[in-house]
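Enquirer:
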Amino acid sequence: MIMKTIKYLGLLLLITLTANSCMDEFLQEEVYSDLSPANFYNTEADALAAVSAVYNNFQYFGNELWDVGTRFMVVSEATTDIMFCNWYMDTEGYTFSSSDGDFLILWNHCYNTNNKANLVFEKLPGIEMNEELRNRLIAETKFLRALTYFNAVRWWGDIPLITEAIEDFSGIENVSRDPASQVYDQIIQDLNDAIAVLPVSYDNAADAGRVTLGAAKTLLGKVYLTRGMGGDPATANASDLQAAVNEFEDLMSDPYTYDLAADVRDVFDYTQENTPELGHIFSQQYSQGLGYEGTWIAQNMQAMELEAAWWGYSAPEDWLQGPDGFAHSWEQTGLPDDSTWYFIPHDDRLLYLFEDYNNMMWMHWCKKWQYESYQGWAEHPQNFTHLRFADVLLMHSEALNELRSAPDAEVVAGINRVRARANVPEYDPANWTKETFRDEIQDERNRELWGECHAWFDYVRKGMLVERMQAFGIEFIDEDYNLFPIPQQEIDNNSNLTQNTGW
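Note that the sequence shown covers residues 1117 to 1619 in the numbering used here.
1. Tell me the rounded alpha-carbon separation between ARG1577 and ALA1522.
2. So which of LYS1483, ILE1531, MET1511 and ASN1532 has the shortest CA-CA distance to LYS1333?
3. At the level of alpha carbons, what is the spacing between THR1411 and GLU1393?
4. Specify whether the region 1255-1267 and the region 1216-1229 touch according to this definition: at least 3 beta carbon pairs, one from each stretch, less than 8 Å apart.
5. Rounded to a whole number of angstroms, what is the C-alpha to C-alpha distance between ARG1381 and SER1292?
6. Do the region 1160-1178 and the region 1546-1563 meet, that is, are 3 or more Cβ pairs less than 8 Å apart?
7. CA-CA distance, LEU1519 and LEU1367?
8. ASP1294 bridges to which residues according to DSSP?
9. Please name the residue, chosen from PRO1241, ASP1218 and SER1215, that lies closest to THR1159 on a Cα-to-Cα basis.
10. Output the boundary residues of the beta strand (DSSP E) element that contains GLN1400.
11. Consult DSSP for TYR1210 and reduce its assignment to one of helix, strand or coil.
12. Which two residues bound the contiguous beta strand (DSSP E) that contains ARG1381?
13. So, PHE1219 versus PRO1601, is the Cβ gap smaller than 9 Å?
14. Indicate the three-state DSSP secondary structure (helix, strand or coil) for THR1334 in the structure shown.
15. Which whole-angstrom value describes the C-beta separation of ILE1243 and ASP1162, a residue pair presumed to lie in contact below a C-beta threshold of 8 Å?
16. How is MET1139 classed by DSSP in three states: helix, strand or coil?
17. Anyone know if the C-beta pair for TYR1210 and MET1580 falls short of 9 Å?
18. Beta strand (DSSP E) containing TRP1446: first to last residue?
19. Buried or exposed: where does LEU1249 fall if 16 or more other Cβ atoms within 10 Å of its Cβ makes it buried?
20. Grouping DSSP H, G and I as helix and E and B as strand, with all else coil, what is CYS1482?
21. If you draw a straight line from the alpha carbon of HIS1502 to that of HIS1570, how long is it in whole angstroms?
22. Please return the same chain residues whose Cβ sits closer than 7 Å to the Cβ of VAL1299, not counting the five positions on each side in sequence.
23. If you count every other CB in all the chains shown that lies within 10 Å of the CB of VAL1147, and 16 or more means buried, which is it?
24. Report all residues from its chain with a CB closer than 6 Å to the CB of GLN1605; omit the five preceding and five following residues, and keep chain order.
25. Sorted by chain position, which residues of the same chain lie with C-beta nearer than 7 Å to THR1617's C-beta, five sequence neighbours on each side aside?
26. Inspect the CB distances between the region 1342-1355 and the region 1312-1327 and report whether three or more fall short of 8 Å.
27. ARG1504 lies in the beta strand (DSSP E); which residues open and close that run?
28. Hey, how far is the Cα of VAL1327 from the Cα of SER1355?
29. Tell me whether the beta-carbon of GLY1530 lies closer than 9 Å to the beta-carbon of PHE1364.
30. If the criterion is Cβ atoms closer than 9 Å, does the pair GLY1337 and ALA1360 meet it?
31. Measuring alpha carbon to alpha carbon, tell me which of LEU1253, PRO1545 and GLY1330 ends up nearest ASP1370.
32. Using only the alpha-carbon positions, how far apart do ALA1166 and PHE1384 sit?
33. Using a Cβ-Cβ cutoff of less than 8 Å, which residues in the same chain neighbour PRO1545 once the five nearest sequence positions on both sides are dropped?
34. With VAL1534 and ALA1515 assumed to form a contact (beta carbons below 8 Å), what rounded beta-carbon distance in angstroms separates them?
35. Would you say VAL1582 touches the ligand SAM, meaning its beta carbon is less than 8 Å from a heavy atom?
36. Keeping to the same chain, check which residues put their C-beta closer than 8 Å to that of PRO1295; ignore five residues upstream and five downstream.
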């Protein structure tokens, strides 16, 4: 494999012109000798490889997150009341700083990925190839750039918005931060461009995992919801919230076939991945047996089960059994000489997706990444899901609740579908106010989406991060923590970059 690397001390744009080896057919590597921009972007195969390189960044990004940079996307949930991790206590306590190297990993991922995307937009129009395929590949890449910038703008707020490919140092040394509003405009433009081209589904099984029309519409709805909420429900933008509702409702009818799996365990069955009828919309693709091409999620989420190790991610007992956690009760064995009490879950998610709920009462391990045939580190074949239909239903209820003066039957419809699948009682809107149901929707999101990288984003979007973290015991936190610090190395190398307030 030949790659071209251009390193700048500011943005550290590691520019890879071709794909690394990948797990699925559409991500397979092709080896070139003496590769350069001049002799690479010439054929249809080159175009496919260039787009695969962008997809591939998400595969490696996932493993980076779960190895080094993970805690700022997933273990950030530890800083709320629903996650615990033994070896990242600085994250749980929010005692990290702008010099933490993991922020630089996230920053570099964003600009590395988007530079690969920008190269696609620059080079593919000049390749002689099937025009329909070219347009589709560009649309897929627009989605991937939008997803990357969406993460970045939520992490850091104002950021450099770079939409042209960087192949040398010229013009990159003194980049400044652009307003978050401008970044959101670009994200929405990219997604609308993608929506105009992307197919509902792919006929070729080798294309499983590619971006679809439904994925673009789901992400667009989430973008509108996030921008519309703006961190403060009191000043929410009704136009954005309605736009989000429109996107989510489109996904609930033809031509889309998204649904909830009847059995919650099927959602996380690696043999049934990429199935719309089970709720899959867009996932990071992984495979086993190709040498670290699997996800590291299993080792981190299930280390206790897989390797009898002390590390892993778990939910604390006070959340699981608390008022915001799952439905449960205690029962005795019934034997006269046995006073043992057993924890009885009344929610299928707790029953099937959390490990050892009877015997390990102080914490519960996540079973969403369950794989019985463990064969070694990073050999787990299960995908990591970015977008799924349960999330759509919960976001639909959230947006409608903000648009209405009080919950009604339409507001609770989506969230009740999720609860019905978990075999727990449905909500009666008469029992809630707009404000109390806002919090309850979040509690239901925590129960349904635990460990899937949503909670921190949710809390910031709704302006509840400070309240929930203070309730957890992180008393010093204030509104400055709604954004991460710009990596200090970037600021040291570029005087035009400024730091977020409080860092």
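In this text, a Cβ means the ideal position worked out from N, Cα and C, and glycines have one as well.
Being a predicted model, the structure only gives us computed values, none of them experimental.
Expert: In this structure, then:
1. Taking the first residue of the sequence shown as 1, we reach residue 1577 at position 461. Taking the first residue of the sequence shown as 1, we reach residue 1522 at position 406. Looking at the two C-alpha atoms, the distance is approximately 20 Å.
2. Locating residue 1333 in the sequence shown gives position 217, where the first residue counts as 1. Looking at the Cα atoms, MET1511 is the closest of the given residues.
3. Residue numbering aside, residue 1411 sits at position 295 when the sequence shown is read from its first letter. Residue numbering aside, residue 1393 sits at position 277 when the sequence shown is read from its first letter. Rounded to whole angstroms, THR1411 to GLU1393 spans 24 Å at the Cα level.
4. yes
5. Counting from one through the sequence shown, the residue named residue 1381 turns up at place 265. Counting from one through the sequence shown, the residue named residue 1292 turns up at place 176. Looking at the two C-alpha atoms, the distance is approximately 46 Å.
6. Here the region 1160-1178 makes no contact with the region 1546-1563; the two share fewer than three CB pairs at distances below 8 Å.
7. Numbered from 1 along the sequence shown, position 403 holds the residue referred to as residue 1519. Numbered from 1 along the sequence shown, position 251 holds the residue referred to as residue 1367. Cα to Cα, LEU1519 sits roughly 19 Å from LEU1367.
8. For the purposes of this step, residue 1294 is taken as residue 178 along the sequence shown, with counting starting at 1. ASP1294 is bridged to ILE1275.
9. On the sequence shown, residue 1159 is found 43 positions in, with the first residue counted as 1. Measuring from the Cα of THR1159, the nearest candidate turns out to be PRO1241.
10. As a position in the sequence shown, residue 1400 is number 284, starting the count at 1. Looking at the DSSP string, the run of the beta strand (DSSP E) that includes GLN1400 is 1396-1400.
11. For the purposes of this step, residue 1210 is taken as residue 94 along the sequence shown, with counting starting at 1. Reduced to three states, the DSSP call for TYR1210 is coil.
12. By 1-based counting over the sequence shown, the position of residue 1381 is 265. Run containing ARG1381: none; DSSP gives neither H nor E here.
13. As a working note, residue 1219 is residue 103 in the sequence shown. As a working note, residue 1601 is residue 485 in the sequence shown. Yes; because the gap between Cβ atoms is below 9 Å, this pair is in contact.
14. Position 218 of the sequence shown, counting from 1, holds the residue named residue 1334. THR1334: helix per DSSP, three-state reduction.
15. For the purposes of this step, residue 1243 is taken as residue 127 along the sequence shown, with counting starting at 1. For the purposes of this step, residue 1162 is taken as residue 46 along the sequence shown, with counting starting at 1. ILE1243 to ASP1162, Cβ: 7 Å. Contact.
16. Start at 1 with the first residue of the sequence shown, and residue 1139 comes out as number 23. Summary for MET1139: the model assigns pLDDT 35, below 50, so the residue's position carries little reliability, and this model does not support an answer.
17. Residue numbering aside, residue 1210 sits at position 94 when the sequence shown is read from its first letter. Residue numbering aside, residue 1580 sits at position 464 when the sequence shown is read from its first letter. Going by C-beta atoms, TYR1210 is not nearer than 9 Å to MET1580.
18. Position 330 of the sequence shown, counted from the start, is the residue given in the question as residue 1446. Counting along the chain, the beta strand (DSSP E) containing TRP1446 begins and ends at 1444-1448.
19. Locating residue 1249 in the sequence shown gives position 133, counting from the first residue. Residue environment for LEU1249: exposed (fewer than 16 other C-beta atoms within 10 angstroms of its C-beta).
20. Translated into the one-based positions of the sequence shown, residue 1482 becomes position 366. In the structure shown, CYS1482 sits in a strand (DSSP, three-state: E or B).
21. By one-based count along the sequence shown, residue 1502 stands at place 386. By one-based count along the sequence shown, residue 1570 stands at place 454. Distance between the alpha carbons of HIS1502 and HIS1570: 9 Å.
22. Your numbering for residue 1299 matches position 183 in the sequence shown. These residues qualify, in order along the chain: TYR1265, VAL1269, ILE1275 and LEU1277.
23. Walking along the sequence shown from the start, residue 1147 turns up at place 31. Low confidence applies here, because VAL1147 scores a pLDDT of 44, under 50, leaving its location unreliable; read the following figure in that light. It is exposed - the Cβ of VAL1147 has fewer than 16 other Cβ atoms within 10 Å.
24. The count along the sequence shown starts at 1 and reaches residue 1605 at position 489. Taken in chain order, the residues that qualify are LEU1220.
25. Here residue 1617 refers to the residue found at position 501 when the sequence shown is read from its first residue. Excluding residues within five positions, the ones whose Cβ falls inside 7 Å are ASP1596.
26. no
27. The sequence position of residue 1504 within the sequence shown is 388, counting from 1. Here the beta strand (DSSP E) through ARG1504 covers 1500-1504.
28. Counting from one through the sequence shown, the residue named residue 1327 turns up at place 211. Counting from one through the sequence shown, the residue named residue 1355 turns up at place 239. Using only the alpha carbons, I get a separation of about 27 Å.
29. Your numbering for residue 1530 matches position 414 in the sequence shown. Your numbering for residue 1364 matches position 248 in the sequence shown. For GLY1530 and PHE1364, yes; Cβs fall inside 9 Å.
30. Indexing the sequence shown from 1 puts residue 1337 at position 221. Indexing the sequence shown from 1 puts residue 1360 at position 244. It is a contact, given that the beta carbons lie within the stated cut-off.
31. Sequence index remark: in the sequence shown, residue 1370 carries index 254 (1-based). Cα-wise, what sits closest to ASP1370 is GLY1330.
32. Position 50 of the sequence shown, counting from 1, holds the residue named residue 1166. Position 268 of the sequence shown, counting from 1, holds the residue named residue 1384. Distance between the alpha carbons of ALA1166 and PHE1384 is about 30 Å.
33. Taking the sequence shown and counting its residues from 1, one reaches residue 1545 at position 429. Here the set comprises ALA1522, PRO1523, ASP1524, ALA1525, VAL1527, VAL1528 and PHE1553.
34. As a working mapping, residue 1534 is identified with position 418 in the sequence shown. As a working mapping, residue 1515 is identified with position 399 in the sequence shown. Going by Cβ atoms, the distance from VAL1534 to ALA1515 rounds to 15 Å, so no, they are not a contact pair.
35. Here there are no bound small molecules, and the ligand SAM is not part of this structure.
36. Within the sequence shown, numbered from 1, the residue matching residue 1295 stands at position 179. The beta carbon of PRO1295 is closer than 8 Å to those of ASP1274 in its chain, skipping five residues each way along the sequence.
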